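The sequence shown finishes on residue 169 if you use the UniProt record's numbering, and the numbering steps up by one all the way, no holes. Using N, Cα and C, we set each Cβ at its ideal position, and we do this for glycine too. Small disclaimer: the values here were computed from a predicted structure and weren't measured. Presented below is the structure to which this report refers.
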Amino acid sequence: MSVNSSRFSTPEASSKFVVPGDRLFPISEDLKAGTGTYELYGYIHASLAGKLHMYTSNDHGKEIKVVEVRRESEKDKSHVMPYVGCIVTAKIKLHQCVHPGDVILARVIGFGENLSSYLLSTSEDELGVVSGIGDLGEKLTPCSQNEVKSVVTGMREPRKVAQIADLNR
């Protein structure tokens with residue numbers, strides 16, 4: 001895709017401030033996601049906090065509009081939302097998500113370095129802990145979105161529980 005020299009922002013678009021996750025426009029053949037946006041479930045969404053901009057581009061002889069979100073200041077432009085394959089630093093509390101011995105539902109998102117290990121994700125609501133084993137060896141069952149309960153002692157422990165309707169009753 002080559003960008004025309006006639007780059008512009010519509011007045012109504014450039015005055016609109018958006019935040020990450022805002023649904024901006026439906027995806028169409030003449031409207032594409034640009035910098036600071038992403039496509040998901042048929043819509044273009046904001047991936048940055050900033051002002052909405054649109055410009056015309058030439059894609060193989062066809063004019064299309066590109067939707068972008070730009071930050072207010074130049075110094076903020078180097079900080080973008082993570083993308084697939086990006087390495088990020090984050091502080092998590094893994095002990096509040098899963099414990100050794102938990103039975104989980106997870107999506108395989110890739111393979112490890114030697115193809116005998118897997119990269120798993122429990123980021124979707126339907127994925128997470130299905131059951132577990134407590135400190136005393138007793139069975140733990142889901143009792144809420146973020147807790148499992150011992151069937152023997154009734155003690156509760158934090159977990160990222162899979163949200164499966166029949167399972168969580």
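Between the region 50-66 and the region 25-34 there are three or more C-beta pairs closer than 8 Å, enough to call the two in contact.
The beta carbon of residue 39 lies closer than 8 Å to those of 27, 33 and 45 in the same chain, with the five residues before and after it left out. If you check the CB distance, residue 119 and residue 128 do not come in under 7 Å.
Its Cα nearest to that of residue 47, the residue 22 stands out among 58, 41, 22 and 53. For residue 53, the enclosing beta strand (DSSP E) starts and ends at 50-59. Burial check for residue 107: the Cβ neighbour count within 10 Å stays below 16, so the residue is exposed. Counting of Cβ neighbours within 10 angstroms places residue 157 among the buried residues, the total reaching 16 or more.
Taken through DSSP and simplified to helix, strand or coil, residue 95 comes out as helix.
A direct Cα-Cα distance of roughly 22 Å separates residue 50 from residue 42.
One Cα belongs to residue 58, the other to residue 149, and the distance between them is close to 58 Å.
For residue 151, the closest alpha carbon among the candidates 132, 18, 125 and 92 is that of 132.
In this chain, the beta strand (DSSP E) harbouring residue 40 covers 37-40. Take the alpha-carbon of residue 101 and the one of residue 138: they are about 11 Å apart. In the three-state DSSP reduction, residue 33 falls in the strand class (E or B). A check of alpha carbon separations from residue 67 across 147, 37, 92 and 96 identifies 37 as the nearest. Take the alpha-carbon of residue 19 and the one of residue 125: they are about 23 Å apart. Burial is judged here by how many other beta carbons sit within 10 angstroms of a residue's own beta carbon; residue 140 has at least 16 and is buried.
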